[in-house]
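Enquirer: Just so it is clear: in the sequence shown, position 395 is 394 by numbering that gives the first Met the number 0, and no numbers are missing. Ideal Cβ placement from N, Cα and C applies to all residues, glycine included. Nothing here was measured: the structure is a model prediction, and the numbers come from that model. This is the structure I have questions about; it appears just below.
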Amino acid sequence: MVCPLVGRDTLEKAGISRVFPEAKRSWSVLMTREVAKDLRHWLVEPDFAATQRLPLELDENQKRLSKTRSASGYRRIKGPAGSGKSLVLAARTGELLSQGKHVLVVTFNLTLLNYLQDLTVRCPEYRGRSRTDATWLNFHAWCKRVCIDAGFREEYNALWDSGNLNEILTILMPALVDKALNENSAGVEHFDAVLVDEGQDFQLNWWNLLRRVCLPGGEMWLSADTSQDVYGTASAWTEEAMNHSGFVGRWARLGLSYRLPPVALRYAADFAQRYLPHQLLDLPDNIPDGNDELDFYPCQLRWVQVRSEDAAAQCIEEFRTLFPKAEPDVLAITDVVFLCDSKQFGYNFVCKIGMKGVKCTHTFTKSPEEWKIERQRKQYFFMGAEKIKATTLHSFKGWESRALVIFVDSQQGPQGATLLYTGLTRLKRHVSGSFLTVVCADQQYRDYGANWPEYLDFTVEYR
0 MVCPLVGRDT
10 LEKAGISRVF
20 PEAKRSWSVL
30 MTREVAKDLR
40 HWLVEPDFAA
50 TQRLPLELDE
60 NQKRLSKTRS
70 ASGYRRIKGP
80 AGSGKSLVLA
90 ARTGELLSQG
100 KHVLVVTFNL
110 TLLNYLQDLT
120 VRCPEYRGRS
130 RTDATWLNFH
140 AWCKRVCIDA
150 GFREEYNALW
160 DSGNLNEILT
170 ILMPALVDKA
180 LNENSAGVEH
190 FDAVLVDEGQ
200 DFQLNWWNLL
210 RRVCLPGGEM
220 WLSADTSQDV
230 YGTASAWTEE
240 AMNHSGFVGR
250 WARLGLSYRL
260 PPVALRYAAD
270 FAQRYLPHQL
280 LDLPDNIPDG
290 NDELDFYPCQ
300 LRWVQVRSED
310 AAAQCIEEFR
320 TLFPKAEPDV
330 LAITDVVFLC
340 DSKQFGYNFV
350 CKIGMKGVKC
360 THTFTKSPEE
370 WKIERQRKQY
380 FFMGAEKIKA
390 TTLHSFKGWE
400 SRALVIFVDS
410 QQGPQGATLL
420 YTGLTRLKRH
430 VSGSFLTVVC
440 ADQQYRDYGA
450 NWPEYLDFTV
460 EYR
């Protein structure tokens with residue numbers, strides 16, 4: 000490879016074509032139109048990077064909630080997917096940090112913390128470093144910290160030999176935290192404000208443990224959406240129970256969905272009304288009726304019904320065909336997110352698409368025994384990573400992307416419908432278009448999927 004070094008005189012005399020003849024090349028065995036077209040998807044600026052430079056946009060209700068403290072110091076906010084609950088929580092975090100407050104942000108989902116940190120950086124009034132200025136922990140990491148700070152390290156380590164994982168996380172560990180706070184609360188870090196996102200994933204006693212590290216005159220915050228109750232815990236948050244947990248008055252509600260394109264919002268709401276428990280439904284107030292004359296956020300929805308044994312190959316095919324749909328605009332490779340409800344399927348997908356030269360930022364491991372590696376991958380799961388993203392529907396709660404491929408297996412648990420609804424509501428509207436493809440191996444959703452704008456059924460010949 001020749002890299003000539005020339006000056007202005009040479010350019011003026013010889014012209015650019017003689018100094019750099021490649022500039023006039025009209026044909027190459029290495030660069031074709033197809034290769035150039037593929038490269039554009041890797042070179043275009045991702046939507047996330049462009050968004051990250053913009054300050055948070057809040058409506059008047061959201062601004063009021065982010066700027067004020069309730070009279071009691073306790074505030075609970077509910078609203079449907081895309082209504083801005085995480086946005087307002089991040090704005091409130093930035094506001095408190097700008098006042099010099101000591102802030103703890105807690106989630107159940109480890110990956111959600113990264114998203115909230117990125118949102119907080121975008122608060123107009125906040126000029127600090129969100130990742131270090133506040134304390135960001137998922138609930139069980141906070142439990143570990145409390146036990147160690149209070150001098151219960153040995154008892155904490157012994158927990159992992161005392162029962163199954165679910166019992167440890169839901170019963171034994173919170174009980175040990177309660178004991179640690181009773182015996183050595185002074186040794187545990189306390190905060191001016193404790194903010195909890197995706198509160199429907201929390202058990203009520205977990206919330207009451209967090210209350211005990213809030214300083215007198217401090218602030219407690221809870222954001223929740225019962226329609227996304229993927230762990231079956233939201234039903235315990237009754238009004239009577241919450242009245243004994245510091246709350247007074249009614250919920251503050253965010254009723255409008257700002258995330259989803261109007262078409263996707265209508266289909267997601269239809270799914271919720273068909274399959275979710277009606278007593279937990281919280282749908283947006285602005286669901287379109289399908290007769291909207293203007294739609295500034297185009298959206299391509301595609302449902303593909305498959306057999307389980309064909310699902311992996313079909314998911315890769317759907318990923319491959321996603322990019323031509325964006326033309327004449329260019330969809331960035333790094334904006335695409337693959338979601339599924341099975342860790343094993345996700346790992347196989349990552350391996351197979353990796354064999355085609357496509358690398359992923361993902362949260363999957365080969366076996367459950369590699370849980371430490373899985374946790375580490377969750378900690379470094381960022382939308383800003385320069386690869387496609389792949390994770391579980393659980394881990395993508397609270398996040399958003401303009402291009403999603405979702406796989407739904409036939410072996411779903413009791414919260415399967417809620418989990419799929421959560422996935423459908425992760426789609427982010429965009430003026431250049433949004434893209435959602437569902438590859439479904441569960442026959443119970445076939446009639447619903449048949450109503451989508453694009454529908455393919457590869458199981459017909461087998462029925």
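So, for L103: in the same chain, excluding its five sequence neighbours on each side, which residues have a beta-carbon less than 6 Å away from its beta-carbon?
Expert: If you number the sequence shown from 1, residue 103 lands on position 104. Result list for L103: T134, F190 and V193, in chain order.
Enquirer: At the level of alpha carbons, what is the spacing between K100 and M219?
Expert: Start at 1 with the first residue of the sequence shown, and residue 100 comes out as number 101. Start at 1 with the first residue of the sequence shown, and residue 219 comes out as number 220. In a straight line, the C-alpha of K100 is about 13 Å away from that of M219.
Enquirer: Once DSSP output is grouped into helix, strand and coil, what is the label at D309?
Expert: Walking along the sequence shown from the start, residue 309 turns up at place 310. Helix.
Enquirer: Apply the 10 Å Cβ neighbour rule to I405 and answer buried if 16 or more other Cβ atoms are within range, or exposed otherwise.
Expert: Working through the sequence shown from its first residue, we reach residue 405 at position 406. By the neighbour-count rule (16 or more Cβ atoms within 10 Å), I405 is buried.
Enquirer: Could you check whether the segment 410–423 touches the segment 223–230, counting it as contact only if at least three pairs of C-beta atoms, one from each stretch, sit closer than 8 Å?
Expert: These segments touch.
Enquirer: Using three-state DSSP, classify A325 as helix, strand or coil.
Expert: Counting from 1 along the sequence shown, the entry for residue 325 is found at position 326. If DSSP states are grouped into helix, strand and coil, A325 belongs with the helices.
Enquirer: Please list the segments of the beta strand (DSSP E) lying wholly inside the segment 197–238, counting only runs of 3 or more residues, in order along the chain.
Expert: 213–223, all fully within the segment 197–238.
Enquirer: Hey, how far is the Cα of L29 from the Cα of W398?
Expert: Here the question's residue 29 lines up with position 30 in the sequence shown. Here the question's residue 398 lines up with position 399 in the sequence shown. Cα-Cα distance, rounded: 39 Å.
Enquirer: Is it buried or exposed for Q410, if we count other Cβ within 10 angstroms and need 16 for buried?
Expert: Looking up residue 410 in the sequence shown gives position 411. That one is exposed.
Enquirer: Let's see if you can read the secondary structure: which residues bound the beta strand (DSSP E) around F337?
Expert: Mapped onto the sequence shown, residue 337 falls at position 338. Here the beta strand (DSSP E) through F337 covers V335 to C339.
Enquirer: Which one or two residues does DSSP pair with V187 in a beta bridge?
Expert: Looking up residue 187 in the sequence shown gives position 188. DSSP, once it has assigned bridges, lists no residue as partnering V187.
Enquirer: If I measure Cβ to Cβ from I147 and keep anything under 7 Å in the same chain, skipping five residues before and after, which residues do I get?
Expert: The count along the sequence shown starts at 1 and reaches residue 147 at position 148. These residues qualify, in order along the chain: Y155.
Enquirer: Kindly indicate which residue of L164, T92 and E166 has the alpha-carbon position closest to the one of R130.
Expert: On the sequence shown, residue 130 is found 131 positions in, with the first residue counted as 1. When only C-alpha atoms are compared, the closest one is T92.
Enquirer: Closest to N207 by CA distance: which of S431, R445 and G245 is it?
Expert: The residue you call residue 207 lines up with position 208 of the sequence shown. When each option's Cα is compared against that of N207, the closest is G245.
Enquirer: Compute the Euclidean distance between the alpha carbons of A389 and L57, then round it to the nearest angstrom.
Expert: Here residue 389 refers to the residue found at position 390 of the sequence shown. Here residue 57 refers to the residue found at position 58 of the sequence shown. Each residue's Cα considered, the two are about 29 Å apart.
Enquirer: Check for me: the alpha helix (DSSP H) holding K62 runs from which residue to which?
Expert: Counted from its first residue, the sequence shown places residue 62 at position 63. K62 -> alpha helix (DSSP H) spans E59 to K66.
Enquirer: In terms of residues, what are the limits of the alpha helix (DSSP H) holding R130?
Expert: In the sequence shown, counting from the first residue as 1, residue 130 sits at position 131. Element bounds for R130: S129 to D132.
Enquirer: In the structure shown, what three-state DSSP assignment does F348 receive?
Expert: Along the sequence shown, one-based indexing puts residue 348 at 349. It is helical.
Enquirer: Using DSSP with H/G/I as helix, E/B as strand and the rest coil, what is K388?
Expert: Here residue 388 refers to the residue found at position 389 when the sequence shown is read from its first residue. Strand at K388.
Enquirer: With three or more C-beta pairs closer than 8 Å as the rule, is the segment 48–67 touching the segment 78–88?
Expert: Touching, per the Cβ criterion.
Enquirer: What first and last residue would you give for the alpha helix (DSSP H) that runs through H139?
Expert: As a working note, residue 139 is residue 140 in the sequence shown. Note, H139: alpha helix (DSSP H), F138 to D148.
Enquirer: Answer with buried or exposed for V34, where buried requires no fewer than 16 other C-beta atoms within 10 angstroms of its C-beta.
Expert: Stepping through the sequence shown from its first residue, residue 34 is reached at position 35. Classification for V34: exposed.
Enquirer: With a threshold of 6 Å on Cβ separation, who are the neighbours of L209 within its own chain once the five nearest residues in sequence on each side are excluded?
Expert: Walking along the sequence shown from the start, residue 209 turns up at place 210. Only V193 meet the Cβ criterion.
Enquirer: Is M354 buried or exposed, if buried means 16 or more other CB atoms sit within 10 Å of its CB?
Expert: Your numbering for residue 354 matches position 355 in the sequence shown. Exposed, since its Cβ has fewer than 16 Cβ neighbours within 10 Å.
Enquirer: Sort L171, D177 and W26 by Cα distance to A149 and report the nearest one.
Expert: On the sequence shown, position 150 is the one that residue 149 refers to. Per the Cα distances, D177.
Enquirer: Alpha carbon to alpha carbon, how far is F363 from G345? Give it in angstroms, no decimals.
Expert: What you label residue 345 is simply residue 346 of the sequence shown in a count that begins at 1. What you label residue 363 is simply residue 364 of the sequence shown in a count that begins at 1. Roughly 6 Å between the two C-alpha positions.
Enquirer: Buried or exposed for R52, please, with buried defined as at least 16 other CB atoms from any protein chain shown within 10 angstroms of its CB.
Expert: As a first step, residue 52 is located in the sequence shown; it is residue number 53 there, counting from the start. With fewer than 16 Cβ atoms within 10 Å of its Cβ, R52 is classed as exposed.
Enquirer: According to DSSP, what are the bridge partners of T320?
Expert: Here residue 320 refers to the residue found at position 321 when the sequence shown is read from its first residue. Paired residue(s): none; T320 is not in a bridge.
Enquirer: Assign Q414 to one of three DSSP states: helix, strand, or coil.
Expert: Here residue 414 is taken as the residue at index 415 of the sequence shown, counted from 1. The answer is coil: DSSP assigns Q414 none of H, G, I, E or B.
Enquirer: Give the DSSP-derived three-state secondary structure of E368 in the structure shown.
Expert: Sequence index remark: in the sequence shown, residue 368 carries index 369 (1-based). The answer is helix: DSSP assigns E368 an H, G or I state.
Enquirer: Looking at C-alpha atoms only, which residue of G422, W141, A440 and E11 is the closest neighbour of R211?
Expert: Taking the first residue of the sequence shown as 1, we reach residue 211 at position 212. When only C-alpha atoms are compared, the closest one is W141.
Enquirer: R39 lies in the beta strand (DSSP E); which residues open and close that run?
Expert: Along the sequence shown, read from residue 1 onward, the residue named residue 39 stands at position 40. No beta strand (DSSP E) contains R39, which is instead part of the alpha helix (DSSP H) from R32 to L42.
Enquirer: Which residue's Cα is closest to the Cα of N165: S71, E326, F380 and Q202?
Expert: Taking the sequence shown and counting its residues from 1, the one referred to as residue 165 is at position 166. The shortest C-alpha separation from N165 is found at Q202.
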